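K.L.:
Quick one: structure below, then a few questions.
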Amino acid sequence: MGRQEAIPLMAPFKMGPFELSHRVVLAPMTRCRADGYVPRPHTAVYYSQRATRGGLLIAEGTGVSATAQGFPGSPGVWTPEQVAAWRPVVDAVHRNGALFFCQIAHVGRVSTNDFQPDGQSPISSTDKQVSPDAESGMVYSKPRRLRSDEISGVVDDFRRAARNAIEAGFDGVEIHGAHGFLFEQFMKDGANDRTDEYGGSLENRCRFTVEVVDAVVGEVGAHRVGIRLSPFADYIDCVDSDPVALGHYMIQQLNRHEGFLYCHMVEPRMAIVDGRRQIPHRLLPFRKAFNGTFIAAGGYDREEGNKVVEEGYTDLIAFGRLFLANPDLPRRFELDAPLNKYDRSTFYTQDPVIGYTDYPFLEDDVQQQQVKYSEA
Ligand SMILES: Cc1cc2nc3c(=O)[nH]c(=O)nc-3n(C[C@H](O)[C@H](O)[C@H](O)COP(=O)(O)O)c2cc1C
C-alpha cells in the first residue's frame, strides 16, 4: 500500500488558538462503559487509541448533574470523584498529542424515574412524555415541567460542569444542544409548550440554551467552548417547524461571543436518491453565517469528507461509527486503507473490551496477514 497524495481531510487547520494537524474529528458517542457515572481505566484505553498528534476528540455525552442521566453506564462530571477519574483519561489522550473536549449534557425527559435522585420525575421544558421507542421498546417516564425560577439552577449545573471538565484537564467543552435532549426540548416548538419567557417565540424557546452558552463562556472562555446543534433532526419527539430559522438564530447568538470556538452541526437524516444513501448537505448557510470553526457530522466517509472539505462546505468533519470501529481512522483515510466494519450490537453494551477497545489497528491486520503468510 503506497502513501497517497495529501488529501483534504489530512490538511492542517487552525481552530481558534488550537493547531490541528487534520480534519478527522472523533464524534461524541455514548458508550455506556462507565460505572456509577464514573469513567474507568478502559475508557482511557478507548480514547487514547483514537488520539493522534494534532487530532480532536470529543468525549461522549457526560452528565452535568444527578438529574442529567438517562443511559446506564454514561459518565458524569459533577462530582469530585468523577473529575478525578476523568484526569487519567484526559492525560492518556494528551500523551498521544490530541485535543480532548468534553460533551456536557443533560437528557431532560429522555430518562426514567429510576435514573433520578429519590425516584423523582425527569425534568424538562414540558410535562409531555416522550412516546415509547418503537425500536428498543424503551418507555421514558412522565417528566416534570421545570418552573421558570428553577432554570437558573440548571444553568449553574452547566457552568460548574464546564469548570470541572477544565479542572479534569479537558481542552474545552461541547454543549450538547442536539438530538432531542434537554436543550432541544426547550428550543423546538414541537416539544416546548410553555407560556412563560422560556416558551412561545423563537427567542424565548432559545433563551435557556443561550443562557447556558453565556454562562459557560463566562466560566471557561469562548475559545474553549463549542456547541452541537441538530436543527433538522426529529429524534425523540423533538421537531421544529422552522429548523432554518432556529439554526440561524442560534448562530447569531454564538457570534455575540468573540472567539466562540466551534459550531458542530448534524446533517438532516440521510436521503435515499436513486437507491443510494445521500447526505442532504443543508448546512452551508449556517457555516457561512458562523464566525468560528464549523464541524459537520452525519453519514460521512472518506470520499464525501474529502469532497466537502475541499469545497469549503465545512472546516472539520466528525466521524461517529467509522471512528468507533477504526481506532486509527485518520491513518486509514490517509492511506486509503480498508475499514473495519462496526458492530451495532456492542455500541451500548458494558464490556470493557469487546466492541470497545478490541477493534484492530491497521498494523494488527498486517501482522495477522503476516502470521497467516508465515504459517502457510
Ligand atoms: C454508539 C453511538 C453513541 C452516540 N452518542 C452520542 C452522544 O453521546 N452525543 C452526541 O451528540 N451524539 C451521539 N451519537 C451520534 C454521533 O455523534 C454521530 O452524530 C452519528 O453517529 C452520525 O455520524 P456517523 O454517520 O459518522 O456515525 C452517537 C452515535 C452512536 C453510533
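So in my numbering, the last spot in the sequence shown is 685, and the numbers never skip.
C-beta: ideal position from N, C-alpha, C; glycine also.
Keep in mind it's a predicted model, so treat the numbers as computed, not measured.
1. Tell me whether residue 311 is buried or exposed, calling it buried when 16 or more other Cβ atoms sit within 10 Å of its Cβ.
2. For ligand 1, any of its heavy atoms closer than 6 Å to the Cβ of residue 343?
3. If you reduce the DSSP assignment to three classes, tell me which class residue 371 lands in.
4. By a C-beta neighbour count over all protein chains shown, 10 Å radius and 16 as the cutoff for buried, is residue 339 buried or exposed?
5. What does the Cβ neighbour count give for residue 323, buried or exposed, with the cut at 16 atoms within 10 Å?
6. So, residue 545 versus residue 419, is the Cβ gap smaller than 7 Å?
7. Go through its chain and collect everything with a Cβ distance to residue 602's Cβ below 6 Å, but skip five positions before and after it.
8. Of all residues in the structure, which have a C-beta closer than 7 Å to any heavy atom of ligand 3, taken in chain order?
9. If you compare alpha carbons, which of 451, 654 and 479 is closest to residue 441?
10. Comparing C-alpha positions only, which one of 376, 439, 356 and 595 sits nearest to residue 414?
11. In terms of residues, what are the limits of the alpha helix (DSSP H) holding residue 496?
12. If you follow the beta strand (DSSP E) that residue 437 is in, where does it begin and where does it stop?
13. So is residue 610 buried or exposed if we call it buried at 16+ other beta carbons inside 10 Å?
14. Hey, residue 318 and residue 642: beta-carbon distance below 7 Å or not?
15. Identify whether residue 684 lies in helix, strand or coil by the three-state DSSP scheme.
16. If you compare alpha carbons, which of 516, 581 and 552 is closest to residue 563?
17. Beta-carbon within less than 7 Å of residue 380's beta-carbon, same chain only, minus the 5 sequence neighbours each way: which residues are those?
18. Determine contact between the segment 629-646 and the segment 662-673, defined as no fewer than three beta-carbon pairs at a distance below 8 Å.
19. Please identify the residue among 469, 465 and 449 whose C-alpha is closest to the C-alpha of residue 490.
20. Could you name the residues that DSSP lists as bridge partners for residue 412?
21. Please list, in chain order, all residues of the same chain as residue 580 whose beta carbon is under 6 Å from its beta carbon, the five residues on each side excluded.
22. Rounded to a whole number of angstroms, what is the C-alpha to C-alpha distance between residue 638 and residue 648?
23. Taking the beta carbon of residue 574 as the centre, do at least 16 other beta carbons fall within 10 Å, making it buried, or is it exposed?
24. Give me the residue from 607, 585, 359 and 582 with the minimum Cα distance to residue 592.
25. Which ranges would you report for the alpha helix (DSSP H) in the segment 594-682 if only whole runs of at least 4 residues count?
26. By DSSP, does residue 316 sit in helix, in strand, or in coil?
27. For residue 351 and residue 666, which I take to be in contact (beta-carbon distance under 8 Å), what is that distance rounded to the nearest angstrom?
28. Which of the three DSSP states is assigned to residue 571 in this structure?
29. Taking the C-alpha atoms as reference points, what is the distance between residue 398 and residue 354?
P.N.:
This is what the structure gives:
1. For residue 311, the pLDDT reaches just 47, beneath the cut-off of 50, and the residue's location in the model is therefore unreliable, although a value from the coordinates is still provided. Exposed, because fewer than 16 other Cβ atoms sit within 10 Å of the Cβ of residue 311.
2. no
3. strand
4. buried
5. exposed
6. yes
7. 324, 571 and 624
8. Annotation note on ligand 3: not contained in the displayed structure, which lists ligand 1 as its ligands.
9. 451
10. 376
11. 491-496
12. Unbroken run through residue 437: none, as it is neither H nor E.
13. By the beta-carbon neighbour count (other beta carbons within 10 angstroms, threshold 16), residue 610 is exposed.
14. yes
15. In this predicted model, residue 684 has a pLDDT of only 49, less than 50, meaning its place in the structure is not dependable enough to derive any value.
16. 516
17. Apart from sequence neighbours up to five positions away, the residues of its chain that approach residue 380 with a beta-carbon distance below 7 Å are 339 and 341, ordered along the chain.
18. yes
19. Here the closest residue by C-alpha is 449.
20. 370 and 483
21. 587 and 589
22. 8 Å
23. Residue 574 should be labelled buried.
24. Of the listed residues, the one whose Cα sits closest to residue 592 is 607.
25. 611-620, 630-634 and 638-644
26. Look at residue 316 here: in three-state DSSP terms it is coil, with no helix or strand label.
27. 6 Å
28. strand
29. 8 Å
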